[in-house]
Each structure stands twice: as structure tokens, then as C-alpha cells.
Amino acid sequence: MSVGIDEISFYTSNYFLDLRSLARAQQTDPDKYYVGIGQEKMGMAAPDEDIVTMAANAALPLVDTVGSERISTLLFATETGIDQSKAAGIYVHRLLGLGANCRVVELKQACYSATAAVQMACALVARQPEQKVLVVASDIARYDLDTPGEATQGCGAVAMMISANPRLVEIAPEVGNYTEDVMDFWRPNYRSTALVDGKYSTKIYLKSLKKAWENFREASSLTFGDFSHFCYHLPFGRMAQKAHQQLARVNKSELGAEQLEQQIEASLQYNRIIGNSYTASMYIGLASLLENSSHDLAGQRIGFFSYGSGCVAEFFSGRVVEGYERHLYRDAHRRMLEARQEVSYDEYLALYRYPDPRDGEHLDIPASTTGRFRLAAISHHKREYVVC
Ligand code: HMG
Numbered sequence: 001m002s003v004g005i006d007e008i009s010f011y012t013s014n015y016f017l018d019l020r021s022l023a024r025a026q027q028t029d030p031d032k033y034y035v036g037i038g039q040e041k042m043g044m045a046a047p048d049e050d051i052v053t054m055a056a057n058a059a060l061p062l063v064d065t066v067g068s069e070r071i072s073t074l075l076f077a078t079e080t081g082i083d084q085s086k087a088a089g090i091y092v093h094r095l096l097g098l099g100a101n102c103r104v105v106e107l108k109q110a111c112y113s114a115t116a117a118v119q120m121a122c123a124l125v126a127r128q129p130e131q132k133v134l135v136v137a138s139d140i141a142r143y144d145l146d147t148p149g150e151a152t153q154g155c156g157a158v159a160m161m162i163s164a165n166p167r168l169v170e171i172a173p174e175v176g177n178y179t180e181d182v183m184d185f186w187r188p189n190y191r192s193t194a195l196v197d198g199k200y201s202t203k204i205y206l207k208s209l210k211k212a213w214e215n216f217r218e219a220s221s222l223t224f225g226d227f228s229h230f231c232y233h234l235p236f237g238r239m240a241q242k243a244h245q246q247l248a249r250v251n252k253s254e255l256g257a258e259q260l261e262q263q264i265e266a267s268l269q270y271n272r273i274i275g276n277s278y279t280a281s282m283y284i285g286l287a288s289l290l291e292n293s294s295h296d297l298a299g300q301r302i303g304f305f306s307y308g309s310g311c312v313a314e315f316f317s318g319r320v321v322e323g324y325e326r327h328l329y330r331d332a333h334r335r336m337l338e339a340r341q342e343v344s345y346d347e348y349l350a351l352y353r354y355p356d357p358r359d360g361e362h363l364d365i366p367a368s369t370t371g372r373f374r375l376a377a378i379s380h381h382k383r384e385y386v387v388c
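This is the structure in C-alpha cells:
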């Protein structure tokens with residue numbers, strides 16, 4: 001029996017800022033973003049969207065397919081927590097009408113926790129193959145204005161159904177891990193934006209890749225040449241390109257620059273126009289690869305590098321299942337991305353500065369998302385979600 005990803009669906013806000021508008025406002029060359037970091041647009045959450053509404057939107061098609069009563073566990077990965085105690089997934093559980101016997105828990109370790117959720121889900125399914133475990137990862141990436149991180153913001157959520165004999169990607173049990181206590185990126189509880197030592201974070205990302213790969217090689221007989229494609233954690237596209245070139249060098253690969261680029265290009269396409277979605281980003285990269293690759297991926301092996309600042313990293317592998325194309329949400333994803341609305345720089349600032357609903361005061365939030373779920377109000381410190 002194999003275990004892995006049976007379905008994958010993602011969601012991002014209907015608003016985006018083109019990084020050319022940001023460059024104009026900052027009097028910077030737009031190529032710094034379009035070429036230098038490999039990003040074109042960044043998603044901006046609407047005032048009535050948060051990690052809960054995005055996650056519910058991402059998961060809805062999967063729940064409709066499988067049936068809400070069949071889901072035994074919901075694992076919610078995020079680093080944009082809305083409550084120190086209550087798991088955000090419990091709101092999602094209600095919005096999606098999941099059964100009362102479904103367990104729900106929230107996981108945190110920066111951008112890595114979605115991978116912890118996937119591995120835990122695989123372990124649960126391996127133990128009880130009739131189980132369907134729903135993994136959601138949802139984040140809003142926010143940095144201070146006028147900082148180098150500003151251009152790497154974004155928002156999005158991904159939902160994956162983990163099951164036995166999956167129809168998309170079988171996940172192999174062998175993994176390589178690397179953990180080190182570093183301060184490359186962090187967000188203390190009293191802040192709504194992350195603090196980051198940008199250049200240092202890119203160095204630690206690359207170091208962790210090397211170390212996780214070495215550990216993976218101790219556990220697995222697979223070599224660099226066994227993989228046709230790779231999905232990296234995607235804070236911005238150029239980071240994945242640098243990482244992949246480094247991994248090829250470490251392995252003394254004879255592939256040329258163009259061949260190396262082909263191994264990751266399809267995985268970068270959605271992220272380039274959504275931006276960093278933290279926990280969701282590598283898995284939106286997987287959806288991008290499966291939905292945009294010009295080659296048939298059936299039977300091919302994918303290498304995954306998941307990285308979460310602070311830091312924990314993991315390298316693992318998956319094999320694409322025959323017939324996978326029939327089980328993708330490609331058209332729905334493309335329609336959603338094409339229907340998005342560009343905002344001006346001033347509108348972006350207004351979205352960025354929208355009153356922080358975590359301040360506890362009563363807040364009625366006007367409707368603006370085009371998604372199915374919205375955060376309508378905060379009242380008596382309680383978040384009120386509605387189905388549109
Ligand atoms: P910066 O320091 O302002 O940018 O911000 P830069 O000056 O290094 O320029 C970036 C690249 O653009 C450089 O290329 C420039 O040469 C090039 P490189 O040397 O890297 O190859 N460039 C141009 N190219 C063409 N035309 C031009 C031009 N100008 C410059 N005119 C930095 C970069 C990454 C520091 C910033 O975006 C940042 O702080 N981002 C946030 C942190 C981040 O994303 N780190 C990534 C690793 S950590 C991670 O992935 C975890 C994370 O997702 C969080 C989590 O785990 O929860 C962040």
C-alpha cells in the first residue's frame with residue numbers, strides 16, 4: 001500500500017499588487033524584483049479574509065469530493081496564528097461541516113509545519129488506511145513597509161487530502177532533516193509583521209538544504225539523478241533557483257543551466273504571481289508543477305525541500321501517480337488567478353493598514369472578498385465567520 005497526496009487545491013486573495021507599482025513608489029528598478037528575486041506580483045488579503053477563510057476556501061473542493069463525514073483528522077499549519085489557544089482549524093471544521101468525531105489541531109514551525117503535518121498525516125493513514133486526513137496550510141506573509149522583505153509578501157492557502165493509494169503523489173517514508181537554533185526570521189507574539197535578517201536567512205536556507213540532503217542520502221538510496229523535478233520552499237523564485245544550483249553542485253551533476261531550470265520552472269509559476277505564502281508555498285509550488293508542466297510527470301520522482309526559519313528543514317521524495325492529470329483542479333485555479341484584481345500602491349497601503357482585528361475592539365468588516373467564506377466581524381473578542 002502507498003500513502004500520499006490524493007488531491008491538492010489552493011486559494012489566494014482576489015487582490016494583488018504588481019511589484020512594478022511597488023518599485024515605482026520606492027524609486028527602485030522593477031527588474032530588482034522581476035529579475036533579481038524572480039517575483040512579479042504579490043497577493044494581498046482582503047480586510048475580511050484571514051488564514052481561516054483562505055484555508056476553508058482551499059479545502060472546500062476536496063471536502064465536496066470526499067464527503068465531510070469521511071475526514072478523520074484536520075491538521076492546520078500556519079505561522080499567522082489568530083489565537084494563542086484555540087486552533088484555527090476548528091473554525092474551518094465548522095465552516096466545512098466536518099463531522100464531530102474529526103480531530104483538529106494547529107501546527108507551528110515557521111514555513112516548515114505543513115510538511116510536519118503531511119508526515120503526521122501519512123503516519124496516521126499508514127496505521128489506519130481507511131482514514132482520510134485533511135492537511136491545510138494557510139498564511140499571510142507580512143513585513144514592515146520600506147524594508148527589503150516588503151517585496152516578498154503574499155498570501156495563500158493550500159489543502160491536501162492524504163490517503164492510502166493516492167491519486168496524485170506517493171510520499172516515500174525516507175526523509176532527511178536538519179534543525180538549528182538560529183535567528184534568521186521570527187515574529188514575537190506582540191508583532192503582526194515578521195523580523196528578518198534577510199541575507200543571513202538566505203545563507204541558512206542554503207546551509208540547511210545541504211545538511212538535510214546529506215541526512216536524506218543516509219536514509220535513502222535515491223540520488224540526485226533519480227529526480228526529474230524538485231519543489232523548494234518558495235520565499236521568492238530566485239531562492240529556489242539558487243538552491244537548486246547549489247544542490248546540483250554538491251552532487252557534481254553534469255546537467256546544464258537550462259536543464260536545471262527545467263527541473264524547477266513549472267513549480268515557480270504560481271508563486272511568482274502570488275508571493276510568499278509561508279507554510280503553503282512549497283505545496284502551491286507542487287500544484288504549479290503538476291498543473292503547468294509541459295511533460296507527462298507520471299512515474300517521475302519529485303524531490304521536496306521544505307524550510308522553516310528558526311530553523312527546521314526536511315528533504316523528502318514523492319512519485320507521481322499514473323493518471324494524476326485527471327484529479328487536478330487546474331481550470332478552477334487558473335480561473336481564480338485570472339479573475340484577480342490589481343490594486344494601486346495607495347490601495348495596497350490601505351489594505352496593509354486595515355485595522356488589526358486582533359486589538360479586541362468591536363469591528364464590523366465590510367464585504368470585499370470574492371471567496372466563499374468571510375470574516376464578518378470581531379465582537380467581544382470573538383471572530384465571526386460567515387458563508388457567503
Ligand atoms: P535586498 O537585500 O534588498 O536585495 O533583499 P538585494 O540587493 O540582495 O537584491 C536581490 C537580488 O536582486 C540580487 O541578486 C541583486 O543582484 C539583484 P543575487 O545577488 O541575490 O543573485 N538585483 C537586480 N537584478 C536585476 N536588475 C536590478 C537589480 N537590482 C538588484 N536592477 C532579501 C533581498 C532576500 C534580503 C529580502 O527580499 C528579504 O529580506 N526577504 C525576506 C526574507 C526571505 O525571504 N528570506 C529567504 C530565506 S528564509 C525563508 O525562506 C523562510 C521564510 O519564508 C519564513 C519562514 O520560514 O517562515 C522567509
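Sequential numbering of the sequence shown, starting at 1, is according to my numbering. Even for Gly, the Cβ is constructed at its ideal location relative to N, Cα and C.
- By the neighbour-count criterion, in which a residue is buried when 16 or more other Cβ atoms sit within 10 angstroms of its Cβ, S306 is buried.
- For V169, the enclosing beta strand (DSSP E) covers residues V169 to T179.
- For C231, the enclosing beta strand (DSSP E) starts and ends at H229 to Y232.
- Here D29 is exposed: its Cβ has fewer than 16 other Cβ atoms, across all protein chains shown, within 10 Å.
- K203 and V182 have their C-alpha atoms roughly 11 Å apart.
- Bounds of any beta strand (DSSP E) do not take in M54; it lies within the alpha helix (DSSP H) bounded by I51 to V66.
- Q246 is positioned such that its CB atom lies closer than 8 Å to that of L209.
- By the neighbour-count definition (other C-beta atoms within 10 Å, threshold 16), H295 is an exposed residue.
- In the three-state reduction of the DSSP assignment, L96 falls in the coil class.
- Between the C-alpha atoms of V320 and N165 there is a straight-line separation of about 12 Å.
- Relative to the non-hydrogen atoms of ligand 1, the Cβ of E79 comes within a distance shorter than 7 Å of at least one.
- The beta carbon of R70 sits closer than 6 Å to those of K132, all from its chain and outside the five residues before and after it, given in chain order.
- The beta carbons of C111 and S309 sit about 7 Å from each other, so the pair counts as a contact at 8 Å.
- With a threshold of 7 Å, the Cβ atom of P148 counts as near ligand 1, since some heavy atom of the ligand is closer than that.
- Taking the Cα of N101 as reference, the smallest distance to any Cα among G81, L74 and L95 is reached at L74.
- A Cβ-Cβ distance of about 6 Å is found for the pair R372 and N57, placing them in contact under the 8 Å criterion.
- For M239, the enclosing alpha helix (DSSP H) starts and ends at G237 to V250.
- With 16 or more other CB atoms across the displayed protein chains lying within 10 angstroms of its CB, C311 is buried.
- Selection P235, I274 and R94 evaluated against F10 yields I274 as nearest (Cα-Cα).
- In the three-state scheme derived from DSSP, where H, G and I count as helix and E and B as strand, T78 is classed as coil.
- Listed in chain order, the non-local C-beta contacts of A313 below 6 Å within the same chain comprise Y178, S208, A212 and Y307, local neighbours out to five positions each way being set aside.
- A straight line joining the alpha-carbon of V66 with that of A159 spans about 13 Å.
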